[in-house]
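Everything in the sequence shown is counted per the UniProt record's numbering, starting at 1 for the first residue and increasing by one.
Here a beta-carbon is modelled for each residue, glycine too, at the ideal position from N, C-alpha and C.
See below for the structure under consideration.
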Amino acid sequence: ACSTSEYLCKAITDKAGAQVQKEYGVLKASGAFPGTTSGGTLLCKNILFIPWSPDSRDENSIKSSLNTFIELAFAQANAVGCKSIAFPAVGCGKFNFDPLLIAKYMLDETR
Numbered sequence: 001a002c003s004t005s006e007y008l009c010k011a012i013t014d015k016a017g018a019q020v021q022k023e024y025g026v027l028k029a030s031g032a033f034p035g036t037t038s039g040g041t042l043l044c045k046n047i048l049f050i051p052w053s054p055d056s057r058d059e060n061s062i063k064s065s066l067n068t069f070i071e072l073a074f075a076q077a078n079a080v081g082c083k084s085i086a087f088p089a090v091g092c093g094k095f096n097f098d099p100l101l102i103a104k105y106m107l108d109e110t111r
């Protein structure tokens, strides 16, 4: 899980500190994704780890997979009592998608 975003996961867990690194290690070892950890040293209560990968580079596939990703994120956030949520620019690293396009699709899905 989080395989295509391993650098993002590492950057987040490094900044969040040892407790989150330990919690993420347990999630990763068990394959319990989507999963939640504490916020650690970050200014948040929880960190949601939700893998995302488009089925193809087709625009409709990207939109559909982002829709599923956003729905999972909101359901998971609601389950742990989050009142706000922030998203990274998924797909803009190894997938090399245009960040503006991803942001547009994600905003469209949150409305």
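Pull the bridge partners of residue i from the DSSP assignment, please.
i: N46; result: S38
Contact defined as beta carbons within less than 8 Å: I believe residue i pairs with residue j. What is the distance between those atoms, to the nearest angstrom?
i: L48; j: A73; result: 6 Å
i: E23; j: T41; result: No, E23 and T41 are not in contact; Cβ-Cβ is about 13 Å, not under 8 Å.
i: G35; j: A16; result: 14 Å between Cβ atoms; not a contact.
Between which two residues does the alpha helix (DSSP H) harbouring residue i extend?
i: G81; result: Careful: G81 lies outside any alpha helix (DSSP H) and carries neither H nor E.
i: G93; result: Careful: G93 lies outside any alpha helix (DSSP H) and carries neither H nor E.
i: I85; result: Where I85 is concerned, there is no enclosing alpha helix (DSSP H), given that its DSSP letter is neither H nor E.
i: A103; result: P99 to T110
Checking 8 Å against the spacing of the C-beta atoms, do residue i and residue j come in under that value?
i: F69; j: I85; result: no
i: G93; j: Y7; result: yes
i: S65; j: D55; result: yes
i: A103; j: A89; result: yes
Mapping DSSP to helix, strand and coil, what is residue i?
i: I12; result: helix
i: G17; result: coil
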